[in-house]
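Engineer:
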Amino acid sequence: MRLLTNGFLSRLTRTGLIARRAETPTGKTSQLEWLRRVSSLETEELLNEFNTSRGGLSAEKVELSRAVWGPNEVARAHRDSAPVRFAKAFVDPFTGILALLAVVSLVTDVILAAPADRDPSTFIIIFAMIAVSGTLRFVQEGKSDDAAAALAKTIQTTCNVELAGEGRVEIPLADVVVGDIVHLASGDIVPADARLIQARDLFLSMSSLTGESLPVERVATPCPAPTDDTRTAGDLDNIVLMGSTVVSGSGVAVVVATGANTMFGGMATSLGAKRGKTAYDEGIASVSKLLLRLMVVMAPLVLVINGLTKGDWLSALLFSLSVAVGLTPEMLPMIVTTCLAKGAVDLSHDRVIVKRLDAIQNLGAMDVLCTDKTGTLTEDHVVLERHLDLMGNEDSRVLRYAFLNSFFETGVRNLIDSAIITRASEETSQGGRGIDADELSANWHLVDEVPFDFERRRVSVVVEHKDGRRRMVTKGAIEEVLQVCTEVEYGGRVVPLGDDMREKVLTTAYDLADKGMRVLGVARKADPADVGVLSGEDEQGMTLIGYLAFLDPPKRSAAQAVAALREHGVTTKVLTGDSLRVACTVCETIGLHVEGTLDGAAVAQLSDEELEGRVEHVTVFAKLSPDQKVRVVRALRTRGHVVGFMGDGVNDAAAMGASDCGVSVDSGADVAKEAADIILLEKDLGVLENGIVEGRRTFFNMNKYVKMTASSNFGNIFSVLVASVFLPFLPMTAVQLLLLNFIYDCACTAIPWDNVDARELRAPQAWRSGSIASFMRWIGPTSSVVDIMTFVLLLFWVCPTVAGGTWSAIAGNPSAAALFTATFQACWFVESMCTQVLFVHLVRTERIPFVQSMADWRVLLLDAGAIVLSLVIPITGVGAALGMAPLPVAFLAVLPVVVAAYAALVLVVRRAYVRRFGRLL
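Printed below as a string of structure tokens:
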């Protein structure tokens, strides 16, 4: 404990922060008071307060701080322990109805029965069904969760901290502790609440806490507390809050609170604003509502009909509850989770990491992909091809000024800056080219800067020479640089920037852009404002001196990838901050037809409704700000599209959050990776196209299970309604019906591995409750036709042969009536299982089943096992306990004919359905 010197531990206790770890995280007032206090401290006082130094904490102090404060994790949803997950596996309607039936059986067959008649076998069988069902769900969902967690660990957001004896190192956000010295740069996520001790033009986005999209500046100077302190955390100019993102500039800060003790953790929110419903969420909700409505109608109807016709209201109630469960695809959560987890693992083999499992379905449902140009359609290898004066001649002076700007700016150096510095270094090494990068970096130093932002679209630095000369150098998009210029250097003279000269400048720039080059302007100004006073308002009265023309050649694979996306029904739209002409040239080079264009200025003039009317027919959106990208994505979604957004920069994060599926790359900015649902280990549209196909395969198998199970169960319940009206007994007991559903659902657990026809992967797939309803109405009653035929055969031929007469003839013989009923129920149980299993293969494809399209071997194996099990159960003690009789030979002889008739009828109806609705599933 001596490591916590200078009264550190006593101060922690005195300020109440250690105690607050035991409080609920909603007590933000005390945390705010703490931030106000550390905000007012001088730098040395701050370092002493946390027993740290500019060189960082030692390894021992890090461990001690973590022991006192805990890990840097907010109160997020965590995975339950194994016992809790095992218990939750039994919490579902299927298990609930089985448990109710088990209780009724225990009371009637054991507790209230005479000693000689006590038979616990039914209770034991039902209990075994509950145990197997819950255990299966627990094991399978556990495997899926493990797979998802393992994939999530492969993508980790880090931050840059100073450690004593090691210098600056990258560590995961969760490893940050109180007292750490954190370095912040453009694109970083602030890992914890911290107090700045150094800042240079540091601008943060605090939308995750305040909802305000405009960046705010943060400084390192102490903020003395007023007498009546009513400041919020956002008013403390030297405090950076967990969850904020660095837009531009740089800074160094001391961590003063982590995890639940931060303002972010106190609100128990996740990174960024709460994500809206995606196409997946809306689809699942619509399917659930459909099944719920059907259940509300059918279950009471079955109860009333059976209660009135049979007179046994308890049996009718239990049977109607079983019907309600039968209408529900009770294994849906497990099947969906398994499909998604399997899809995520398969995608990882294609260098695609899934952060959020349900994003796989959204990936498959995507019909519009919005993507940036750089690195996706191009090689992401920017080269400075030309540095020209305004007359179009090579000019080393333009390169010198550009080098000063790129070398001394403190934001994250992008590809443009790297290309400028590389070109300057190359020309320096060649000698005699009019530039010496070493001399420039040694004799000039940075005084101040106005960092780049996506509204101004330019960056300015103020540099000073050893001899006292001071210059302001600005580079940026040519149109935006022209806005702050009043003069130009042309023909060796400085002349006013009039309309004619502006047109000449832009014409030259556009000519270069038409050749696929990205064009920036370079401007200078002598004797700018003093250090500490400089702002964007000082970018005026400047002199334009030349152009920088960069080439980022189109990626060779881009044309093939765009064509493949088009073949799979995905429209590609380019949303870029680059020049419209450059973007259009690249699109034409790779074969992406440009139907229409809009630039940021035009988007700004459109209302949301007007933008919605334009987005359909626009291929390239250029010179967009981050907010405008969000508007375009939302407009497309409002039009009914499932939208994916692929980006890797700070300016892409908000648009990714607004899309159905955000896609980034592992080399992207931290904030972009946090906002993304899918991370590509290779920035290539071809990799994404593989992901889209896998997403569709995953969704198709989920949709297959829902439609097949809901339709098959609906057909069974429709048959039950008919039987309830015309039969003098229940066609199947409640337990038998649940056992039938249980065996069938177990057979369906192999569906996530099923094969999918290539033609089904060519178009986007999305949940459509209307298509499920129509599928149920058309295909479901098909089985009822065969069921009614089976009822007739059983009622008038098979069962009378076994029981010794028709139902009316044996009405006075209880044992014969019981045999009649048991035989009928056993035969329909087997017929239902055979037709349900066959139904899977008849509707899993639009092609000829077993000939043109074969299911996966796992599906075939489990389906065969289900049929064999249904045939065996009636001749075992389990069947006897459930009220079944052995199957008659006559029924076994006619069963293949019934199944064949069912297959023929389904194929006919299937063809009519496809002709009517265009597709089967």
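To convert, take the position in the sequence shown, counting from 1, and add 322; that gives this note's numbering. Idealized CB from N, CA, C, for every residue including glycine.
Going by C-alpha to C-alpha distance, which of PRO875, SER901, PRO850 and LYS877 sits closest to THR865?
Structural biologist: Checked all of PRO875, SER901, PRO850 and LYS877; the closest Cα to THR865 is PRO850.
Engineer: Within the region 945–986, note down every full beta strand (DSSP E) run reaching 3 residues or more, in order along the chain.
Structural biologist: Those beta strand (DSSP E) runs which fall completely within the region 945–986 and span 3+ residues are 965–968.
Engineer: Note down, in chain order, each residue of its chain lying with its Cβ closer than 6 Å to the Cβ of GLY1013, except the 5 sequence neighbours on either side.
Structural biologist: These residues qualify, in order along the chain: LEU669, VAL674 and LEU685.
Engineer: Under 7 Å, do LEU558 and SER763 count as touching if we go by C-beta distance?
Structural biologist: Not a contact, by the Cβ cut-off of 7 Å.
Engineer: What separation, rounded to the nearest whole angstrom, lies between the Cα atoms of ILE561 and GLU367?
Structural biologist: Each residue's Cα considered, the two are about 15 Å apart.
Engineer: Which residue's Cα is closest to the Cα of SER570: ASP702, LEU422, LEU506 and VAL1124?
Structural biologist: When each option's Cα is compared against that of SER570, the closest is LEU506.
Engineer: Which runs of the alpha helix (DSSP H) spanning at least 4 residues fall entirely within the region 622–707, listed in chain order?
Structural biologist: Here the runs fully enclosed are 635–648, 654–671 and 681–687.
Engineer: Can you look up ALA845 in the DSSP assignment and give me helix, strand or coil?
Structural biologist: Here ALA845 sits in strand by DSSP.
Engineer: Could you check the C-alpha separation between LYS383 and PRO546 for me, to the nearest Å?
Structural biologist: Answer to the nearest angstrom: the Cα atoms are 29 Å apart.
Engineer: Note down, in chain order, each residue of its chain lying with its Cβ closer than 8 Å to the Cβ of GLY971, except the 5 sequence neighbours on either side.
Structural biologist: Cβ within range, chain order: GLY509, ASP694, GLY990, ALA991 and ALA994.
Engineer: Keeping to the same chain, check which residues put their C-beta closer than 7 Å to that of LEU639; ignore five residues upstream and five downstream.
Structural biologist: If we look at LEU639 and ignore the five residues flanking it on each side, its Cβ neighbours are LEU625.
Engineer: Quick one: grab the DSSP three-state call for SER1175.
Structural biologist: Reduced to three states, the DSSP call for SER1175 is strand.
Engineer: Would PRO1136 be called buried (16 or more neighbouring beta carbons within 10 Å of its own) or exposed?
Structural biologist: Its Cβ having fewer than 16 others within 10 Å, PRO1136 is exposed.
Engineer: Would you mind listing the beta strand (DSSP E) stretches within the region 983–1062 that are 3+ residues and don't spill past its ends, in chain order?
Structural biologist: Complete beta strand (DSSP E) runs here, min 3: 983–987 and 1000–1002.
Engineer: How far does the beta strand (DSSP E) with TRP766 in it reach, from first residue to last?
Structural biologist: Note, TRP766: beta strand (DSSP E), 766–772.
Engineer: Is the beta carbon of SER1041 closer than 7 Å to that of ASP1109?
Structural biologist: Against a cut-off of 7 Å, the Cβ pair of SER1041 and ASP1109 comes out as a contact.
Engineer: Mapping DSSP to helix, strand and coil, what is LEU524?
Structural biologist: Reduced to three states, the DSSP call for LEU524 is strand.
Engineer: So who's on the other strand from GLY798, going by DSSP bridges?
Structural biologist: Looking at the DSSP assignment, GLY798 forms a beta bridge with ARG780 and GLY843.
Engineer: Are the region 1126–1141 and the region 1065–1073 in contact at 8 Å, needing three or more beta carbon pairs?
Structural biologist: Result no; under three Cβ-Cβ pairs closer than 8 Å.
Engineer: Can you tell which of LEU897, THR1143 and ARG1081 has its C-alpha closest to the C-alpha of ALA279?
Structural biologist: The chain is shown from 323 up to 1243; residue 279 falls before or after that span and cannot be answered.
Engineer: Just tell me which of THR584, ILE627 and LEU1243 has its CA closest to the CA of ILE1094.
Structural biologist: If we check each option's Cα against that of ILE1094, LEU1243 comes out closest.
Engineer: How many whole angstroms separate the CB atoms of VAL491 and VAL577, which I take to be in contact at a CB cut-off of 8 Å?
Structural biologist: Wrong, their Cβ atoms sit about 15 Å apart, outside the cutoff.
Engineer: On a CA-only basis, which of MET839, ALA411, ALA1177 and PHE412 is nearest ILE800? Give me that one, please.
Structural biologist: Measuring from the Cα of ILE800, the nearest candidate turns out to be MET839.
Engineer: Going by CA-CA distance only, name the one from PRO1050, THR830, PRO537 and HIS939 that's closest to ARG961.
Structural biologist: Nearest option by C-alpha distance: HIS939.
Engineer: Any chance you could list the alpha helix (DSSP H) runs of at least 4 consecutive residues sitting entirely within the region 491–576, in chain order?
Structural biologist: DSSP runs (the alpha helix (DSSP H)) wholly in the region 491–576: 529–532.
Engineer: Does the beta-carbon distance from SER1034 to PHE1161 come in below 7 Å?
Structural biologist: Yes, these two residues count as a Cβ contact at 7 Å.
Engineer: Using only alpha-carbon positions, find the residue among LEU386, ASP431 and LYS664 that is nearest to LYS465.
Structural biologist: Measuring from the Cα of LYS465, the nearest candidate turns out to be LYS664.
Engineer: How long is the line joining the alpha carbons of ALA1032 and LEU1060, rounded to whole angstroms?
Structural biologist: Near 14 Å, if we compare the C-alpha coordinates of LEU1060 and ALA1032.
Engineer: With distance defined between alpha-carbon atoms, name the residue in LEU914, ALA848, HIS890 and GLY858 nearest to PRO876.
Structural biologist: The option with the nearest alpha carbon to PRO876 is LEU914.
Engineer: Give the single residue among PRO1171, SER1105 and THR808 whose Cα lies nearest to the Cα of CYS1156.
Structural biologist: Per the Cα distances, SER1105.
Engineer: Determine the direct distance from the alpha carbon of ARG1084 to that of GLU889, and round the result to whole angstroms.
Structural biologist: Approximately 7 Å between the Cα atoms of the pair.
Engineer: Please classify LYS895: does DSSP put it in a helix, a strand, or coil?
Structural biologist: In this structure, LYS895 counts as strand in the three-state DSSP scheme.
Engineer: Can you tell me where the beta strand (DSSP E) holding LEU870 begins and where it ends?
Structural biologist: Its beta strand (DSSP E) spans residues 864–873.
Engineer: So ILE519 packs on ALA575, CB below 8 Å; how close in whole Å?
Structural biologist: With a Cβ gap of about 6 Å, ILE519 and ALA575 count as contacting.
Engineer: Among all the DSSP beta bridges, which residues are the ones paired with ASP921?
Structural biologist: ASP921 is bridged to ALA944.
Engineer: Run through the DSSP bridge pairs and tell me what TYR812 is partnered with.
Structural biologist: The partner list for TYR812 (beta bridge, DSSP) reads ARG815.
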